Each structure stands twice: as structure tokens, then as C-alpha cells.
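Presented below is the structure to which this report refers.
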Amino acid sequence: MAATGDVVGCGEGWMLLVVQLDAQLAQIDPDYRLFAVGRRGATLMYDAEPSSPRFREEFAALMGGAALQASRTCEVCGDAGVRRDVGGLVEVLCPVHEWTAETAGAREERVVVGASR
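Residue numbers (the working numbering): 30 to 146.
Right under this line is the structure:
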């Protein structure tokens with residue numbers, strides 16, 4: 030991955046997808062530019078551009094495929110996951126990490142409610 034600065038902003042569970050996508054894109058175009066990797070909503074966002082317009086369709090197909098795979102992969106651990114709304118934040122989580130997030134959210138609600146008394 031040839032990029033400057035801190036460009037990766039997604040969970041560890043998606044890192045294998047990101048590394049694989051980078052390898053695929055670099056095989057097509059070793060001079061491609063990577064601007065950022067992150068999440069928008071519960072979607073993998075891979076902001077990259079080929080060095081030549083002739084690679085645009087292949088890039089779009091590969092990045093779309095990675096986003097689709099990420100939509101079924103837990104952002105935390107990489108196991109199978111589904112989109113879930115946990116406390117107003119939409120994430121792709123496996124059942125274990127959904128439970129962990131919901132439990133942490135419920136615990137925070139109790140602390141905040143208890144503090145206001």
C-alpha cells in the first residue's frame with residue numbers, strides 16, 4: 030500500500046480484506062494511488078485511483094466486491110457478520126461482538142442515568 034499519512038481507518042476484522050484488495054489492485058496497476066481506507070456507515074470505503082483510466086472498470090469491480098464482502102464480515106474479528114444498529118451506530122458485527130456492544134451500551138446508559146440522580 031503506497032500512501033502517505035494515517036490512511037487506514039477501519040476495524041481489524043476488515044484488514045485482511047483491505048490487504049487482499051491492495052494486492053489485487055497493485056497487480057493490475059502497481060502505480061495506483063491510495064487516498065484513504067475507512068468505513069462510512071457500515072460500508073468499507075476504499076478511496077483509490079488507478080494511474081490510468083484504462084483500469085477504472087477493473088478497479089471499480091474489485092473495490093465493489095471488497096465492499097460487498099465487508100458487508101458480511103464482522104468489523105471487529107473478521108467472522109461472518111450482518112449489519113446491526115447498536116445504540117444508533119450501524120456496524121457489521123458477528124453475534125458475539127453485537128452482544129458485547131449492546132452490553133457495553135446498556136452499562137453506559139446505567140452509569141449516565143445513575144449519575145444524574
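Each residue gets a CB set at the ideal place from its N, CA and C atoms; glycine is no exception. Nothing here was measured: the structure is a model prediction, and the numbers come from that model.
Buried/exposed call for Thr102, threshold 16 Cβ in 10 Å: For the purposes of this step, residue 102 is identified with residue 73 of the sequence shown, where counting begins at 1. It is buried - the Cβ of Thr102 has at least 16 other Cβ atoms within 10 Å.
Under 8 Å between the Cβ atoms of Asp51 and Phe84? Numbered from 1 along the sequence shown, position 22 holds the residue referred to as residue 51. Numbered from 1 along the sequence shown, position 55 holds the residue referred to as residue 84. In this structure, Phe84 does not lie closer than 8 Å to Asp51 by Cβ.
Glu86 CB to nearest chain C CB: under 8 Å? Although the question refers to chain C, the structure presented lacks it and comprises just one protein chain.
When you compare only the Cα positions, how much space is there between Asp114 and Gly70? Start at 1 with the first residue of the sequence shown, and residue 114 comes out as number 85. Start at 1 with the first residue of the sequence shown, and residue 70 comes out as number 41. So the two alpha carbons sit approximately 10 Å from each other.
Measure from the alpha carbon of Gly116 to the alpha carbon of each residue in Gly107, Trp128, Val105 and Leu91, then state which is nearest. Translated into the one-based positions of the sequence shown, residue 116 becomes position 87. Out of Gly107, Trp128, Val105 and Leu91, Trp128 has the C-alpha closest to the C-alpha of Gly116.
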